[in-house]
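Below: one structure, written as structure tokens.
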Amino acid sequence: MFEYQYGIRLSDDQLSQFRRKLIQIFAQEYDIKSNRLWNCLRVKAKCLDFEEASKLAVPVSVLLYLERQNEVYRTRFKDVCKYVEELEPWEYIDAYVFDDTFSWLFVITHEELKCLVVGLQE
Numbered sequence: 001m002f003e004y005q006y007g008i009r010l011s012d013d014q015l016s017q018f019r020r021k022l023i024q025i026f027a028q029e030y031d032i033k034s035n036r037l038w039n040c041l042r043v044k045a046k047c048l049d050f051e052e053a054s055k056l057a058v059p060v061s062v063l064l065y066l067e068r069q070n071e072v073y074r075t076r077f078k079d080v081c082k083y084v085e086e087l088e089p090w091e092y093i094d095a096y097v098f099d100d101t102f103s104w105l106f107v108i109t110h111e112e113l114k115c116l117v118v119g120l121q122e
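Counting from 1, position 65 in the sequence shown corresponds to residue 65 in our numbering; the numbering is continuous, with no gaps.
And the structure:
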């Protein structure tokens, strides 16, 4: 998987804070070594294909948590979409897009780029 090159990579302290808050608001407590956060969502999520989900009304400025790389970025949603579209078919992604409000969540899974969406309007 190629490195995410858009936006600003945040510190490990910020990563820990954001990951902890994501779990607190959207998921059940889980063991990160044996599960992906999206497998443990406790909120009802709508499942969409990436192409359809990428057309939702997502704020321009977002946070991107790349779970497999254990990195978080302050970036733009259009750049997240560009990154996903440039992935090779054999490259896996498990990513979480959200903002500082934590009122919505956009999950991009490695399962055929299925997206789980919480709190966003079509």
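Cβ atoms here follow ideal geometry from the backbone N, Cα and C, with glycine treated the same way.
Rounded to a whole number of angstroms, what is the C-alpha to C-alpha distance between Lys123 and Asp12? No statement about residue 123 is possible, as the shown extent of the chain runs from 1 to 122 and does not include it.
Buried or exposed: where does Glu52 fall if 16 or more other Cβ atoms within 10 Å of its Cβ makes it buried? exposed
Where does Val60 land, buried or exposed, given buried means 16+ other C-beta within 10 angstroms? exposed
For Arg36, which three-state DSSP category applies? coil
Nonlocal neighbours in the same chain, by C-beta distance under 8 Å from Leu15, ignoring five residues either side: Tyr65, Asn70, Glu71 and Val72
Of the residues Asp100, Glu86 and Ile108, which one's Cα is nearest the Cα of Glu67? Ile108
Within this structure, are the beta carbons of Leu116 and Leu41 separated by less than 8 Å? yes
What's the C-alpha gap between Val80 and Asp49? 15 Å
Consult DSSP for Ala53 and reduce its assignment to one of helix, strand or coil. helix
Do you know whose CA, among Cys47, Thr75 and Tyr83, lies nearest Glu111's CA? Cys47
Have a look at Phe102 and Tyr6 and give me their C-alpha separation to the nearest angstrom. 21 Å
By the 10 Å Cβ neighbour count, where 16 or more other Cβ atoms means buried, how is Val92 classified, buried or exposed? Here the sequence assigns Tyr to residue 92, which means Val is not the residue at that position. That one is exposed.
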